Amino acid sequence: MINKVMKILIKTLQKLEIPVPEHILVERSRTSEHGHFATNLAMVLTKVLRKNPMIIAEEIVNAIEPEEDFIQKVEVKKPGFINFFLTENTLQNVVLNVLERNENFGKSELGKGKKVQVEFVSANPTGPLTVGHGRQAVLGDCIARILEWNGYEVEREYYYNDAGRQMRILGLSTYHRYKQILGSQDPMPEDYYQGEYIRDIAQKIAEEQGDKYINDPDNDIFKNSAEKAVFEDIEATLRNLDIHFDRYYNERTLYEDGRIEKVLEDFKKIDAIYEKDGAIWFKGTEFGVDTDRVLWKSVINEATYRLPDIAYHRTKFERGYDKIIDVFGADHHATYPDVLAGLKALNYETNRINVIIHQFVTLTRGGEKVKMSTRKANFVTLDELADIVGKDVVRYFFIMRNANSHLDFDLELAVTEGDENPVFYLQYATARISSIFRKADKLGIDYQKAIDLSVLVTVEELNLMYTLAEFGEVVETCEKSLEPQQIANYLQKLATAFHKFYSECVVISSDEKITHARLLLAKATRIVLVNGLQMLGVSAPEKM
RNA sequence: GCCCUGGUAGCUCAACUGGACAGAGCACCUGCCUUCUAAGCAGGGGGUUCCAGGUUCAAGUCCUGGCCAGGGUACCA
Numbered sequence: 069m070i071n072k073v074m075k076i077l078i079k080t081l082q083k084l085e086i087p088v089p090e091h092i093l094v095e096r097s098r099t100s101e102h103g104h105f106a107t108n109l110a111m112v113l114t115k116v117l118r119k120n121p122m123i124i125a126e127e128i129v130n131a132i133e134p135e136e137d138f139i140q141k142v143e144v145k146k147p148g149f150i151n152f153f154l155t156e157n158t159l160q161n162v163v164l165n166v167l168e169r170n171e172n173f174g175k176s177e178l179g180k181g182k183k184v185q186v187e188f189v190s191a192n193p194t195g196p197l198t199v200g201h202g203r204q205a206v207l208g209d210c211i212a213r214i215l216e217w218n219g220y221e222v223e224r225e226y227y228y229n230d231a232g233r234q235m236r237i238l239g240l241s242t243y244h245r246y247k248q249i250l251g252s253q254d255p256m257p258e259d260y261y262q263g264e265y266i267r268d269i270a271q272k273i274a275e276e277q278g279d280k281y282i283n284d285p286d287n288d289i290f291k292n293s294a295e296k297a298v299f300e301d302i303e304a305t306l307r308n309l310d311i312h313f314d315r316y317y318n319e320r321t322l323y324e325d326g327r328i329e330k331v332l333e334d335f336k337k338i339d340a341i342y343e344k345d346g347a348i349w350f351k352g353t354e355f356g357v358d359t360d361r362v363l364w365k366s367v368i369n370e371a372t373y374r375l376p377d378i379a380y381h382r383t384k385f386e387r388g389y390d391k392i393i394d395v396f397g398a399d400h401h402a403t404y405p406d407v408l409a410g411l412k413a414l415n416y417e418t419n420r421i422n423v424i425i426h427q428f429v430t431l432t433r434g435g436e437k438v439k440m441s442t443r444k445a446n447f448v449t450l451d452e453l454a455d456i457v458g459k460d461v462v463r464y465f466f467i468m469r470n471a472n473s474h475l476d477f478d479l480e481l482a483v484t485e486g487d488e489n490p491v492f493y494l495q496y497a498t499a500r501i502s503s504i505f506r507k508a509d510k511l512g513i514d515y516q517k518a519i520d521l522s523v524l525v526t527v528e529e530l531n532l533m534y535t536l537a538e539f540g541e542v543v544e545t546c547e548k549s550l551e552p553q554q555i556a557n558y559l560q561k562l563a564t565a566f567h568k569f570y571s572e573c574v575v576i577s578s579d580e581k582i583t584h585a586r587l588l589l590a591k592a593t594r595i596v597l598v599n600g601l602q603m604l605g606v607s608a609p610e611k612m
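Heads up: the first sequence runs through residues 69 to 612, numbered per my numbering.
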């Protein structure tokens, strides 16, 4: 609908021989007083035409050719807005359109033929995922879903490193517990991982291997067993939230197939690195960042995270993605400019990379802050949270806010499961509709028989249909903004429109014509709700 | 010090990315269930959009300078 309004405007401008601005804004009017759609076109043209916006608006409106049965009227208001009012027929046709396209209603083709990769979570396997990881997991997954809805071919990737210092400590922590299980009294060093999961892993090793490794703290069995167990746990957690990765990419392979070295060689060729104090530095200042950074440490003979990150992102370019999306927590904020600078130096189109930074989740318990650390094991795991409130609530809660905002998650509130939860409001709408159809089926109503939607004319019905049509617009907006919270906001709006309709308009009545039409409208509404919830990975129950 | 991100109703947040009168939920009042689910609907109170300037037809939104909060600023990731 919105595209059709846009086309009409462009056609009219061409007819008047007015140059068409590169970006015409047509938006949904905020209040019904202003019609269904509005444009600021006349005001934008003021500068070009050097005329009063009201006059321009009038000229445009007078030149608009009446489009069969699409627009009811066009108005000019105060500073120069042009407001479009659609006919009832236009709105009623939305229902037919939804029913026809069904589970595909709302899909766009903006990304047709394009490949995109979304990297997210990427937590090293040192322990269970925390609530903090949860936000990123759900955000990344929803972004991937948004892109799928826009026709992209999407790959979800999890990048990790099992070779660093953290992982060494993980192995040692496991060894230490193992030793304790076999009778050692040595207390656990403070900087070791204290979590209960370490004890379980050690227990298993002790049971299967006995005391074979009692004097061998560096044996790979500790680190490897821990890594395996932790990863299984992480994957299970993600599975519980309906999150699935296409690939787990291990940093180590970058070393194994020589990509790390290759980056250094190529940097050398273009004179982007130099040696100082025995370390290798990247000339960041020559490639757009504030300072030069170390790529290879001299103190311990190994790379900083920057080098493998550059090599890793290089593979993303080599793998031919049209769009590359990195989802990071705010703590990683400082890391990516250097990586981008490095890639730019290597002549890659870094504008294909889209970095999404989300702020932290602060966990509170009855208003009191809960500090979290994997090491100290005083965190609440994502699994525990999902057990308490359920997948739908977890997912919805994490994406209902803008990624840039801090997220307060009150555990006590989540546990009470009260009306506080906006997810229920949405799901309630789907359940109500299902309930209507249970009754319709019981009565054997054949609402598909003679379709006549012209009887849908109440304020609530028209508004509901108008809102249904918005779904596609929202999906397309999200293709650029990558903000799942816009889907959530839209669904709230749709649910409200439905609940209002529900309370004002009795669906199944003695009037057969109205009953049939309203059933079709309810069906269309359920389709859009389900589609939208599917984009968020939230279920649409038939009963509550 | 410098760099990011926030600051909107008592609380938690929206606001179509510069549009018209800043909107929801919770909380607080008042109504509505013998009819498809009251986890709902209708109505009410509640605002200097942190402060001060600026840009323009138009600023919560953009620019400059403050104040507050969080994150970053390593040869940690």
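The beta carbon of each residue, even a glycine, is placed where N, CA and C say it ideally should be.
In this text, all values refer to a predicted model and were calculated from it rather than measured experimentally.
Give the DSSP-derived three-state secondary structure of K119 in the structure shown.
-> Correct three-state label for K119: coil.
Keeping to the same chain, check which residues put their C-beta closer than 6 Å to that of E223; ignore five residues upstream and five downstream.
-> Exclusion of the five residues before and after E223 leaves Q185 and D314 as the residues of its chain whose Cβ lies within less than 6 Å of its Cβ.
Beta carbon of E295, beta carbon of P376: below 9 Å?
-> No, the Cβ-Cβ distance between E295 and P376 is not below 9 Å.
Span of the beta strand (DSSP E) holding I311?
-> Unbroken run through I311: none, as it is neither H nor E.
Any idea if M612 is buried or exposed, counting beta-carbon neighbours within 10 angstroms, 16 or more meaning buried?
-> Exposed, because fewer than 16 other Cβ atoms sit within 10 Å of the Cβ of M612.
How big is the Cα-Cα spacing for A110 and A471?
-> If you draw a straight line from the Cα of A110 to the Cα of A471, it comes to about 35 Å.
Tell me Q185's beta-bridge partners as DSSP assigns them.
-> Residue pairing for Q185: DSSP places it in a beta bridge opposite E223 and I392.
In angstroms with no decimal places, state the Cα-to-Cα distance between T99 and D455.
-> Those two C-alpha atoms are separated by around 42 Å.
Look at the alpha carbon of F188 and the alpha carbon of S293, and state the distance between them as a whole number of angstroms.
-> About 24 Å.
Tell me, please, which residues DSSP counts as bridged to F135.
-> Residue 135 is actually Glu in this sequence, not Phe. In the DSSP assignment, E135 forms no beta bridge with any residue.
For I582, collect the residues of the same chain with a Cβ closer than 6 Å to its Cβ; drop the 5 residues on either side in sequence, then sort them by chain order.
-> These residues qualify, in order along the chain: V523.
Simplified DSSP state of G600, which is helix, strand or coil = G600: helix per DSSP, three-state reduction.
According to DSSP, is A608 helix, strand or coil?
-> A608 falls in the coil class under three-state DSSP.
Give the C-beta separation of L154 and L588 to the nearest angstrom, bearing in mind that I take them to be a contact with Cβ-Cβ under 8 Å.
-> With a Cβ gap of about 19 Å, L154 and L588 do not count as contacting.
Selection from I425, V395 and L113 that minimises the alpha carbon distance to L36 = Outside the displayed span of the chain (69 to 612) sits residue 36, for which this structure offers no information.
Roughly how many angstroms separate the alpha carbons of K351 and E343, rounded to a whole number?
-> Roughly 10 Å separates the two Cα atoms.
Inter-residue spacing [alpha-carbon to alpha-carbon] between V162 and M533 = Rounded to whole angstroms, V162 to M533 spans 6 Å at the Cα level.
So H381 is in the alpha helix (DSSP H); what residue range does that whole segment cover?
-> That run of the alpha helix (DSSP H) goes R374 to E386.
Excluding the five sequence neighbours on either side, which residues of its own chain have a C-beta within less than 7 Å of the C-beta of K507, listed in chain order?
-> Excluding positions up to five away in sequence, the list reads I576.
Using alpha carbons as the reference points, say which of L411, I421 and P87 lies closest to E393.
-> A small fix is needed here, since residue 393 is Ile in this sequence, not Glu. I421 is the residue among L411, I421 and P87 whose C-alpha sits nearest the C-alpha of I393.
Any non-hydrogen atom of the ligand ZN within 8 Å of A294 CB | For the ligand ZN, the structure offers nothing, since it holds no ligand at all.
Going by Cα to Cα distance, which pick from D451, I425 and A409 is closest to N419?
-> Closest by alpha carbon: A409.
DSSP three-state call for G397: helix, strand or coil?
-> DSSP, read as helix, strand or coil, puts G397 in strand.
Using a threshold of 9 Å, state whether the C-beta atoms of G239 and L178 are closer than that.
-> Annotated as distal: G239 and L178, with beta-carbon spacing of 9 Å or more.
Leaving out five residues before and five after A274 in sequence, what residues of the same chain have Cβ atoms less than 8 Å from its Cβ?
-> The answer, listed in chain order, is Y246, I249 and L250.
Residue(s) in a DSSP beta bridge with V142 | Answer is F152, bridged to V142.
Buried or exposed for N599, please, with buried defined as at least 16 other CB atoms from any protein chain shown within 10 angstroms of its CB.
-> Residue environment for N599: buried (at least 16 other C-beta atoms within 10 angstroms of its C-beta).
Just the C-alpha distance for N369 and I348, rounded to the nearest angstrom, thanks.
-> So the two alpha carbons sit approximately 11 Å from each other.
Count the other CB atoms within 10 Å of the CB of I519; is the residue buried (16 or more) or exposed (fewer)?
-> I519 is exposed by the Cβ-count criterion.
Over what stretch of residues does the beta strand (DSSP E) that includes Y342 continue unbroken?
-> Annotation: the continuous beta strand (DSSP E) that includes Y342 extends over I341 to K344.
Would you call the stretch 260–270 and the stretch 227–243 touching, i.e. three or more CB-CB distances under 8 Å?
-> With a cut-off of 8 Å, the stretch 227–243 and the stretch 260–270 count as touching, because enough Cβ pairs lie within range.
Between S366 and the rest of its own chain, which residues show a CB-CB distance below 8 Å, the 5 nearest in sequence each way excluded?
-> Within the same chain, S366 has close Cβ partners D345, G346 and A347.
Supposed contact pair R382 and L411 - C-beta distance, whole angstroms, cut 8 Å | A Cβ-Cβ distance of about 7 Å is found for the pair L411 and R382, placing them in contact under the 8 Å criterion.
Local Cβ density within 10 Å of L77, reported as buried at 16 or more and exposed below that = Residue burial is scored here from C-beta neighbours: L77 has at least 16 other C-beta atoms within 10 angstroms and is therefore classed as buried.
Spatial neighbours of E572 in its chain, beta-carbon cut-off 7 Å, leaving aside the 5 residues before and after = Here E572 has T526 and E528 as same chain residues with Cβ atoms under 7 Å from its own Cβ, once five neighbours each way along the sequence are excluded.
Cα-Cα separation between T75 and G540, rounded to whole angstroms = Here residue 75 is Lys; the residue named in the question, Thr, does not match the sequence. Each residue's alpha carbon lies about 17 Å from the other.
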